[in-house]
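These notes concern the structure reproduced below.
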Amino acid sequence: MRYFNKSFFKFTLGFLIIIAISLFIIYATSAYAAGVEKIVFTTDPQSIKPNTLSGPMTIQAQDSGGNSFQTPETIDLEFTSSSPSGEFLGSTGNPATSYMSKNTANRTFYYRDSSEGNFTIIINARGRETLQEWSVTQQIIISSDASQNLPEDDSSGEVLGISSDQSTSSNSSSGDSTTNVSSLNSQLEIMAGNDRTTSPGSPIWFQATMKKNTTKANPNLNWSFGDGNVGVGPLVSHTYKYAGDYVVVLSAKVGEIFSVSRFKVKVINSDIEVLDKGQYLEILNKSNTEINLFNWKIENGGKGFVFQPNTIILPNSSVKFDKSLLKLKGYDNSMGLSLKNYLGEEVFSVPDVKETNLGEISLQMEDIQKQAYSLVNKAIAANLVVENSPIPKEVSLSFSGEVKDDFIESAEPILEVLSSSTENIIYEVPKKEGVFVRLTKFIKRVFSN
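Okay, so the sequence shown: first residue is 24 according to our numbering, each after it adds one.
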């Protein structure tokens, strides 16, 4: 037993503890290494009416394979919207919970907004222990024309079924150019929306709304924007280049079942004005339709600013932008200002301002003074003027930009003598002409002789 003394047991126990700690660290590291890779939306983008609670909006923690993954730590959430009036709520109407609990994978919330437009929802997430960060975004449309929570028997949109025993009916609603065809055995019903209005160079979003799909399969969605361009998917964006009326058609198909919906887009030329207010620029929308400034540019002397998604100016309204945000603080007013739309076309411009350079004028006047003084001296030397003619005084330029014409006043008697005593008239001063005009004509006539 002398081989198994206390020192041996202490050594063995310490060795086992070290191994246990090492295994724990390896396990913890592997657990986090195979942790949350990304956070995504599992619900589709929505279109809702103002001041109306949206449907459930769910984000999910996923691993690198895109599978749902229960987070090993609590994740704090920050909800933001490109709309200043957007609200993030729970199902009871209270503010949404701002964290995702440990050992959970999903967080569901709701959205409400009083402003109309196309907005971006942004969720920033951060692990409390690992401090790892994630971010996810999704578009949402707030419109009084939004078609949600409609009854199943409301046959808005043009729907075609596969049954050979069909009856068709046509109806229209105010402001909606859609022709509706329903079937007694409809299995797929899709809706693209109501008539819309936009302006050239302003992106507009379209969203498909599924009202009935008994097949439970995801349909293929294809858009035709009426100007030769097409799109694919439930939420698409398009920018019209020219003013006019366009018919947008949405086609949905699942197997042999298909549905079609159509509406009209009216594109009206925008009426925009940009005002320089010193510390900020004010952009006025004088038209009767909202304007989305996404990807529009403000340019000045080689510098510029590109507007971010969903920067919207409401009809007959204005938006002010701080010059420090636009990175144009201290910009050169003399180089003009240009506002270009999504297509790169100039929508509004401020012409170049040419400022008077008093220093340059002063140099020019000094040169003219020297030339005039030299010419008068030559005239005296050639006996073209009387000997007692006064020598012209210097011409100077005051700081106010006014010319002191002592020289012109003293030169007028000489010129009068010249005109009456010799046939070689050097200069004859018109009584009502200005200082610069008289001096310029005087020099031209001297050189012409």
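Note that beta-carbon positions come from the ideal geometry of N, C-alpha and C, so glycine has one too.
{"Item": "Please report the residue range of the beta strand (DSSP E) in which Y269 lies.", "Value": "267-277"}
{"Item": "Who are the Cβ neighbours of S108 in its own chain at under 8 Å, not counting the five residues just before and after it?", "Value": "D136, S137, S138"}
{"Item": "In this structure, what does DSSP give as the bridge partners for N126?", "Value": "According to DSSP, N126 bridges with nothing at all."}
{"Item": "Exposed or buried, what is N43 when buried is set at 16 or more other beta-carbons lying within 10 Å of its beta-carbon?", "Value": "One detail in the question is off: residue 43 reads as Ala in this sequence, not Asn. With fewer than 16 Cβ atoms within 10 Å of its Cβ, A43 is classed as exposed."}
{"Item": "What is the DSSP secondary structure of G78, reduced to helix, strand or coil?", "Value": "coil"}
{"Item": "Keeping to the same chain, check which residues put their C-beta closer than 7 Å to that of S222; ignore five residues upstream and five downstream.", "Value": "V290, I291, N292, S293, S310, T312, I314"}
{"Item": "Starting from D250, trace the beta strand (DSSP E) in both directions and tell me its first and last residue.", "Value": "First-last for D250: undefined, no H or E at that position."}
{"Item": "Since D484 contacts Y122 with CB under 8 Å, what's their CB separation in whole angstroms?", "Value": "Residue 484 is absent from the structure shown; the chain starts at 24 and stops at 472."}
{"Item": "Between K276 and the rest of its own chain, which residues show a CB-CB distance below 7 Å, the 5 nearest in sequence each way excluded?", "Value": "P242, N243"}
{"Item": "With 16 other CB atoms within 10 Å as the buried threshold, where does E368 fall?", "Value": "exposed"}
{"Item": "Since I believe W157 is in contact with A148 (beta carbons under 8 Å), could you give me their beta-carbon distance rounded to a whole number of angstroms?", "Value": "4 Å"}
{"Item": "In this structure, does DSSP put T35 in helix, strand or coil?", "Value": "helix"}
{"Item": "By how many angstroms is the C-alpha of G267 removed from the C-alpha of S196?", "Value": "In this prediction, S196 scores a pLDDT of 34, lower than 50, which makes its location untrustworthy; the coordinate-derived value is nonetheless stated afterwards. Approximately 22 Å between the Cα atoms of the pair."}
{"Item": "Please state the DSSP three-state secondary structure of E322.", "Value": "strand"}
{"Item": "Which of the three DSSP states is assigned to S372 in this structure?", "Value": "strand"}
{"Item": "Let me know if R151 comes out buried or exposed under the rule of 16 or more other beta-carbons within 10 Å of its beta-carbon.", "Value": "exposed"}
{"Item": "Quick check on the burial criterion: 16 or more other C-beta atoms within 10 angstroms. Buried or exposed for T160?", "Value": "exposed"}
{"Item": "What residues in its chain sit with their C-beta under 6 Å from that of T81, if we drop five residues either side in the sequence?", "Value": "T65, T66, N129, T131"}
{"Item": "Thinking C-alpha only, which one of G78, P226, I336, N308 is nearest T232?", "Value": "G78"}
{"Item": "Rank T127, I164, L112 by C-alpha distance to the C-alpha of T143 and give the top, closest one.", "Value": "I164"}
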